[in-house]
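Shown next, in structure tokens, is the structure this report addresses.
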Amino acid sequence: MIHRFLEIATTPSVKAAQAANGVAEYWEHLTSTRTRDRFTEAELAFIAERDSFYIATSSENGWPYIQHRGGPKGFLRVLDDKTLAFADYRGNRQYITTGNLAANDRVCLFLMDYPRRGRLKVYARAEVKEVRDDASLVDRFAIPGYKAKVERVMILHLEAFDWNCSQHITPRFTEEELAEALEPVRAHLAELEAENTRLREMVGKEKALI
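Here the working numbering runs 733 ahead of the position in the sequence shown, where the first position is 1.
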């Protein structure tokens, strides 16, 4: 079975590069038991934990553009096993991604898990729905308590996905992840400080008796 993600990504120029680097035969004979055109429970769980991702589009002049999108965990919604959606919040108001999508609806997403060195890449087609045309989008897709203005909702129709290897991904940690990892250390320090306080008090009492 042909791997759908590679079917999209492997253009004639990519094949030429593979041949020039001596790996053409490997990729020509690579098959998969899955087309990877529907998310499984593994991908759905991974997506639900993400608080950011990178989205790539391309303009009419052929130049690519990569934009970071972030929010609380769960802001990238899973509508079904072939559809994602997220509220597009007001930013610097350049609208480069939005403008690019008006000319070419193809997007590529990179979803990163830096602590575990995981990376999910997604090919999709984006459907843009403006809040000015449908005010109910705010209630349906905004994150409660997150203070940001929703301007539009982007619905992503999956074409294919793939997982990258962890090689060369440098682990990075959010404040929340660091706080969780350091909690046992903080607890141990608190115990040591309490013990130190008790010992000081005992020494003070012994000196007072001398």
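Backbone N, C-alpha and C fix where the C-beta goes; we use that ideal spot for every residue, glycine too. In this text, all values refer to a predicted model and were calculated from it rather than measured experimentally.
Since residue i sits in a beta bridge, which residues does DSSP pair it with?
i      : result
Ala818 : Arg810, Ile888
Leu853 : Leu844, Trp896
Val861 : Met887
Count the other CB atoms, across all protein chains shown, that sit within 10 Å of the CB of residue i; report buried if there are 16 or more and exposed otherwise.
i      : result
Phe819 : buried
Thr830 : buried
Asp821 : buried
Ile799 : exposed
Asn754 : exposed
Ala775 : exposed
Met935 : exposed
Phe906 : exposed
Thr790 : buried
Leu932 : exposed
Val883 : buried
Ala836 : exposed
Ala859 : buried
Ala893 : buried
Leu870 : buried
Tell me the residue span of the alpha helix (DSSP H) that contains residue i.
i      : result
Pro745 : 745–753
Val918 : 908–942
Arg873 : 869–874
Leu777 : 774–781
Arg771 : Note, Arg771: premise wrong, no alpha helix (DSSP H); not H, not E.
Ala742 : 737–742
Ala881 : Segment: none, Ala881 is in no alpha helix (DSSP H) and carries neither H nor E.
Residue i lies in the beta strand (DSSP E); which residues open and close that run?
i      : result
Pro797 : 797–803
Ala789 : 785–791
Do the CB positions of residue i and residue j come within less than 8 Å of each other?
i      : j      : result
Thr768 : Leu891 : no
Leu809 : Arg839 : no
Val861 : Arg885 : yes
Tyr856 : Ile741 : yes
Phe786 : Asp895 : no
Leu777 : Val811 : yes
Arg852 : Asn897 : yes
His736 : Leu763 : yes
Ile902 : Tyr847 : yes
Asn833 : Ser899 : no
Leu842 : Ile788 : yes
Phe772 : Asp814 : yes
Asn804 : Tyr879 : Sequence check: residue 804 is Gly here, not Asn. Taking 8 Å as the Cβ cut-off, Gly804 and Tyr879 qualify as a contacting pair.
Measure from the C-beta of residue i to each C-beta in chain B and report whether the shortest distance is under 8 Å.
i      : result
Arg905 : Looking for chain B here will not work: only one protein chain is present.
**Study point:** Unbroken stretches of the alpha helix (DSSP H), 4 residues or longer, contained in the stretch 818–843
**Key:** 829–836
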